[in-house]
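Colleague:
In this note's numbering, the protein residues as written are 7 to 210.
#1: So, using beta-carbon positions, are residue 70 and residue 20 closer together than 8 Å?
#2: Helix, strand or coil: how does DSSP classify residue 209 here?
#3: Could you give the residue range of the alpha helix (DSSP H) that holds residue 132?
#4: In its own chain, which residues sit with a C-beta less than 7 Å from the C-beta of residue 160, not counting the 5 before and 5 after it?
#5: How about residue 208 and residue 165: are their beta carbons less than 8 Å apart?
#6: Between 99, 91, 167 and 10, which has its C-alpha nearest residue 210's C-alpha?
#7: Could you tell me which residues DSSP pairs with residue 185 in its beta bridges?
#8: Alpha carbons only, please: which of 72, 10 and 33 is nearest the one belonging to residue 51?
#9: If you check the beta carbons only, do residue 3 and residue 60 fall under 8 Å apart?
#10: Would you mind reading off the limits of the alpha helix (DSSP H) that contains residue 7?
#11: Between the Cα of residue 43 and the Cα atoms of 7, 188, 29 and 175, which residue gives the shortest distance?
#12: With DSSP as the reference, identify every bridge partner of residue 163, one or two as the case may be.
#13: Look at the alpha carbon of residue 158 and the alpha carbon of residue 89, and state the distance between them as a whole number of angstroms.
#14: What would DSSP say about residue 67, mapped onto helix, strand or coil?
#15: Should residue 133 be labelled buried (16 or more other beta-carbon atoms within 10 Å of its own) or exposed?
#16: Could you check if residue 68 is buried or exposed, using at least 16 other CB atoms within 10 Å of its CB as the buried criterion?
#17: Assign residue 183 to buried or exposed, taking buried as 16 or more other Cβ atoms, counted over all protein chains shown, within 10 Å of its Cβ.
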């Protein structure tokens, strides 16, 4: 097994543990045991728990990106103009939602990694990098999606893509957190309809 494969295996083990006991309760020793390797292997692949947690949030964020990238058919023969853009944005949101709906434990974990980083960051400022890395990656993912949608439909955004991506991500954060509380998937889809409409009001 290569180092990269070993790292991926350890990250998956860490995710499984964090889903069960929360981020704060995970230790590198726990990860080693869950992965069936020695503690030395964990520390060879990751300098410390913070680095492991940073890679964990990257892996979770990559799942969001992959949920859209994996379905190339969504981007084909979409048409042009603002209406086509709104359909495409809504379709991309639906792909992300399908991933979220299928993995509620992982979604809860994304909030836990954020609060863990914020709480621990009060004592160890470097831990804030975990949350910042997570949001920067997700901002980049959303920015790529809305820019791809613009190009595919020959439209233009009237506000910066970075502003749009942060707004979309902040809205999705709230929608998903509410869904984890009330498990109302129908309400989520209605909210995503509204989100797509709002986002595309800034297009021409």
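Ideal Cβ positions, reconstructed from N, Cα and C, are used throughout, including at glycine.
Modeller: This is what the structure gives:
#1: no
#2: strand
#3: From DSSP, residue 132 is part of no alpha helix (DSSP H); its letter is neither H nor E.
#4: 86
#5: yes
#6: 91
#7: Bridge partners of residue 185: none, in fact.
#8: 10
#9: Outside the displayed range of the chain (7 to 210) lies residue 3, so it cannot be described from this structure.
#10: Per DSSP, residue 7 belongs to no alpha helix (DSSP H) and is neither H nor E.
#11: 7
#12: 209
#13: 12 Å
#14: helix
#15: buried
#16: exposed
#17: exposed
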